[in-house]
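S.K.: Quick note, the sequences are listed as chains C, X, Z and A, same order. Residue numbering for the first sequence follows my numbering, starting at 51 and increasing by one per position. Residue numbering for the second sequence follows my numbering, starting at 51 and increasing by one per position. Residue numbering for the third sequence follows my numbering, starting at 4 and increasing by one per position. Residue numbering for the fourth sequence follows my numbering, starting at 4 and increasing by one per position. Where a beta carbon is used, it is the ideal one built from N, C-alpha and C, also for glycine. Since we're looking at a predicted model, the values are computed, not measured.
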Amino acid sequence: MIQITRDPIDPDAAIRQVSSTQAGAVVMFLGTTREFTAEKKTRSLNYDCYPEMAERKLAELETAARDRWPIVECSIVHRLGHLELGEASIVVALSTAHRRDAFEAVQWLMDRIKEEVPIWKEEHWADGTTEWVHPGLPPQEN
Amino acid sequence: MIQITRDPIDPDAAIRQVSSTQAGAVVMFLGTTREFTAEKKTRSLNYDCYPEMAERKLAELETAARDRWPIVECSIVHRLGHLELGEASIVVALSTAHRRDAFEAVQWLMDRIKEEVPIWKEEHWADGTTEWVHPGLPPQEN
Amino acid sequence: MKIEVRLFAVARQLANQETIAVSCPESATIADLKQAIIEQLPELATILDHVRFAVNSDYADEKTQLSSTDEVACIPPVSGG
Amino acid sequence: MKIEVRLFAVARQLANQETIAVSCPESATIADLKQAIIEQLPELATILDHVRFAVNSDYADEKTQLSSTDEVACIPPVSGG
Chain C
51 MIQITRDPID PDAAIRQVSS TQAGAVVMFL GTTREFTAEK KTRSLNYDCY
101 PEMAERKLAE LETAARDRWP IVECSIVHRL GHLELGEASI VVALSTAHRR
151 DAFEAVQWLM DRIKEEVPIW KEEHWADGTT EWVHPGLPPQ EN
Chain X
51 MIQITRDPID PDAAIRQVSS TQAGAVVMFL GTTREFTAEK KTRSLNYDCY
101 PEMAERKLAE LETAARDRWP IVECSIVHRL GHLELGEASI VVALSTAHRR
151 DAFEAVQWLM DRIKEEVPIW KEEHWADGTT EWVHPGLPPQ EN
Chain Z
4 MKIEVRLFAV ARQLANQETI AVSCPESATI ADLKQAIIEQ LPELATILDH
54 VRFAVNSDYA DEKTQLSSTD EVACIPPVSG G
Chain A
4 MKIEVRLFAV ARQLANQETI AVSCPESATI ADLKQAIIEQ LPELATILDH
54 VRFAVNSDYA DEKTQLSSTD EVACIPPVSG G
């Protein structure tokens, strides 16, 4: 199941959704808003996305993961909008018969999501400035 | 935090316990009771342990994991006694600043727990027979 | 033809618009579109070497040909997850 | 001396006891204890090549020396998690 939402993420709902008597292993990744990046202090985050393409890319990645690993159930939820420190921006949870497949599949999904899915994070630094995060892009003069 | 308990495992409590504004990543593993092992059908499981040593070994493994990875918070809970299909026998959840450390640490802990911690699983097969699971031990005539 | 290009994140911030309409020759490719953007919206020039373009919600390459009905989007390096 | 050995899982099932008291020579090692178990409780002989022993909640090896106050446990291959 794929979801992009402005509501707070409920990791327990994701775990319940993927739990199954066909599975011996559930692995969950939760991305949370960290206070410090190197020495810069974050006050909050904002996430924006290209909604049609983001949903499509997430669905494609779920399908590709199911082709590679024997996944029983899979749930990917990404949050948008304003996030306070400690709040979750993403949950990826899935179940497999054996644990190695579950660890590999969740890591692969997270790696691919961070490369391919058109979602962007805006840092709201504690010093009052804001900055869109674009790995590899030279700093912009605004 | 280490816990060995006869109560049902609450994965959400483990996630809340390890979530932190110092961490950007939470990884959780949940081991659940699978219905089929190869073609044999399980009705339920029973877990027993050597309690003093199991708690000590789990605490040693948490310490060893913290020496290897920059873990912010860690929770390991193992269930004992009678488990129905789908119920969880173990949760390992931990948080780190960056996700690769969290994935590595949880996998390492699960591998070590399955080698070193004196806890045993008894299969109650659907055909009415029971069997202690001892990897590498030749089948016993009872 | 006019190509409508959706902008996100720093691209939207630099252009101060959610969508731009770019004049391109017929059967322009993504490479042609980038050249046209540099001429018409020089404020986006600094990022164009580092962005990808999507056509109808799929990543396109420099040689992808465009038609005026395509949904085109400028995708700066992503940072979700 | 008498060494009390705690049994778990299949070991407990085979011996039908939670604890066994094994007669050993003074300063016996784990290897000596195993030999004594084979003689005194032959029903455990089939598993002894595949089990580990713990002394005071730590895994011991064949050469570990025992004293009568040690807490000794027979640890068949574990299957938790």
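Between the alpha carbons of Val81 of chain A and Asp52 of chain A, how many angstroms are there, rounded?
M.R.: If you number the fourth sequence from 1, residue 81 of chain A lands on position 78. If you number the fourth sequence from 1, residue 52 of chain A lands on position 49. One C-alpha to the other measures close to 15 Å.
S.K.: Any beta-carbon of chain C closer than 8 Å to the one on Asp62 of chain X?
M.R.: Residue mapping note: residue 62 of chain X aligns to position 12 of the second sequence, counting from 1. Asp62 of chain X counts as touching chain C.
S.K.: Pick out whichever of C:Phe79, C:Glu181 and C:Glu173 has its Cα sitting closest to the Cα of Cys124 of chain C.
M.R.: As a working note, residue 124 of chain C is residue 74 in the first sequence. Among C:Phe79, C:Glu181 and C:Glu173, the Cα nearest to that of Cys124 of chain C belongs to C:Phe79.
S.K.: Should Val77 of chain X be flagged as near chain C, meaning a C-beta pair shorter than 8 Å?
M.R.: The count along the second sequence starts at 1 and reaches residue 77 of chain X at position 27. It does; some Cβ of chain C falls within 8 Å.
S.K.: Would you kindly work out how many angstroms separate the C-alpha atoms of Gly219 of chain X and Leu95 of chain X, rounded to a whole number?
M.R.: Coverage of chain X is limited to positions 51 through 192, which leaves residue 219 of chain X absent and any answer about it impossible.
S.K.: Who pairs with Phe11 of chain A in a beta bridge, going by DSSP?
M.R.: Residue numbering aside, residue 11 of chain A sits at position 8 when the fourth sequence is read from its first letter. Per DSSP, none; premise fails for Phe11 of chain A.
S.K.: Could you tell me which of A:Gln20, A:Leu36, A:Ala14 and A:Pro45 sits nearest to Asp73 of chain A, measuring between CA atoms?
M.R.: Along the fourth sequence, read from residue 1 onward, the residue named residue 73 of chain A stands at position 70. Checked all of A:Gln20, A:Leu36, A:Ala14 and A:Pro45; the closest Cα to Asp73 of chain A is A:Leu36.
S.K.: Enumerate in chain order the residues of its own chain whose CB-to-CB distance from Met103 of chain X is below 6 Å, with the five nearest sequence positions on each side excluded.
M.R.: Numbered from its first residue, the second sequence carries residue 103 of chain X at position 53. Answer for Met103 of chain X: Pro168, listed in chain order.
S.K.: Since Glu102 of chain X is in the alpha helix (DSSP H), which residue starts that stretch and which ends it?
M.R.: Looking up residue 102 of chain X in the second sequence gives position 52. From DSSP, the alpha helix (DSSP H) with Glu102 of chain X extends over Pro101 to Arg118.
S.K.: Straight-line CA distance for Lys171 of chain C to Ile59 of chain X?
M.R.: Numbered from 1 along the first sequence, position 121 holds the residue referred to as residue 171 of chain C. Numbered from 1 along the second sequence, position 9 holds the residue referred to as residue 59 of chain X. If I take the Cα positions, the gap works out to 34 Å.
S.K.: Taking just the CA atoms, how far does Val127 of chain X sit from Thr108 of chain X?
M.R.: On the second sequence, position 58 is the one that residue 108 of chain X refers to. On the second sequence, position 77 is the one that residue 127 of chain X refers to. A quick correction: the sequence has Leu, not Thr, at residue 108 of chain X. Spanning the two alpha carbons is a distance of roughly 9 Å.
S.K.: Do Trp119 of chain X and Ala12 of chain A have their CB atoms nearer than 8 Å?
M.R.: As a working note, residue 119 of chain X is residue 69 in the second sequence. As a working note, residue 12 of chain A is residue 9 in the fourth sequence. Cβ distance not < 8 Å, so Trp119 of chain X and Ala12 of chain A don't count as in contact.
S.K.: Have a look at C:Arg162, C:Ala147 and C:His184 and flag the residue whose alpha-carbon is nearest the alpha-carbon of Gly81 of chain X.
M.R.: One-based indexing of the second sequence puts residue 81 of chain X at position 31. The shortest C-alpha separation from Gly81 of chain X is found at C:Ala147.
S.K.: Please report the distance separating the alpha-carbon of Leu111 of chain C from that of Pro101 of chain C.
M.R.: As a working mapping, residue 111 of chain C is identified with position 61 in the first sequence. As a working mapping, residue 101 of chain C is identified with position 51 in the first sequence. Cα-Cα distance, rounded: 15 Å.
S.K.: Quick one: what does DSSP say His184 of chain X is sitting in, helix, strand or coil?
M.R.: The residue labelled residue 184 of chain X in the question sits at position 134 within the second sequence. Here His184 of chain X sits in coil by DSSP.
S.K.: Please name the residue, chosen from X:Lys91, X:Glu137, X:Gly178 and X:Ala75, that lies closest to Arg150 of chain X on a Cα-to-Cα basis.
M.R.: Position 100 of the second sequence, counted from the start, is the residue given in the question as residue 150 of chain X. Cα-wise, what sits closest to Arg150 of chain X is X:Ala75.
S.K.: Do you know offhand how far Gly136 of chain C's Cα is from Arg84 of chain X's?
M.R.: As a working mapping, residue 136 of chain C is identified with position 86 in the first sequence. As a working mapping, residue 84 of chain X is identified with position 34 in the second sequence. If I take the Cα positions, the gap works out to 33 Å.
S.K.: Report yes if the CB atom of Ala64 of chain X is closer than 8 Å to the CB atom of Ser145 of chain X, and no otherwise.
M.R.: Position 14 of the second sequence, counted from the first residue, corresponds to residue 64 of chain X. Position 95 of the second sequence, counted from the first residue, corresponds to residue 145 of chain X. Against a cut-off of 8 Å, the Cβ pair of Ser145 of chain X and Ala64 of chain X comes out as no contact.
S.K.: Report the neighbours of Gly136 of chain C on chain X: residues whose CB is nearer than 8 Å to its CB, in chain order.
M.R.: For this step, residue 136 of chain C is matched to residue 86 along the first sequence. Per Cβ cutoff of 8 Å: Ser69, Ser70 and Thr71.
S.K.: Scan the segment 135-183 of chain C and note each continuous alpha helix (DSSP H) run of 4 residues or more that stays entirely inside, going in chain order.
M.R.: 149-166
S.K.: Would you please verify whether the beta carbon of Phe11 of chain A is less than 8 Å from any beta carbon of chain X?
M.R.: Counted from its first residue, the fourth sequence places residue 11 of chain A at position 8. So, interface residue.
S.K.: From the beta carbon of Leu17 of chain A, is the nearest beta carbon of chain X less than 8 Å away?
M.R.: Residue 17 of chain A sits at position 14 when you count from the first residue of the fourth sequence. Interface residue, yes.
S.K.: Sort C:Ser139, C:Ala114 and C:Thr113 by Cα distance to Tyr97 of chain C and report the nearest one.
M.R.: To locate residue 97 of chain C, count along the first sequence from 1; it is residue 47. Closest option to Tyr97 of chain C, Cα to Cα, is C:Ser139.
S.K.: Using a Cβ cut-off of 7 Å, which residues of the segment 45-75 of chain A contact any Cβ in chain X, in chain order?
M.R.: Thr49, Ile50, His53, Ala57 and Ser60
S.K.: Which chain X residues are close to Ser26 of chain A, counting only those with a beta carbon under 9 Å from its beta carbon?
M.R.: Position 23 of the fourth sequence, counted from the first residue, corresponds to residue 26 of chain A. None at all; the shortest Cβ gap to chain X is about 23 Å.
S.K.: With H, G and I counted as helix, E and B as strand and the rest as coil, what does DSSP make of Asp35 of chain Z?
M.R.: Here residue 35 of chain Z refers to the residue found at position 32 when the third sequence is read from its first residue. Of the three classes helix, strand and coil, the one that applies to Asp35 of chain Z here is helix, per DSSP.
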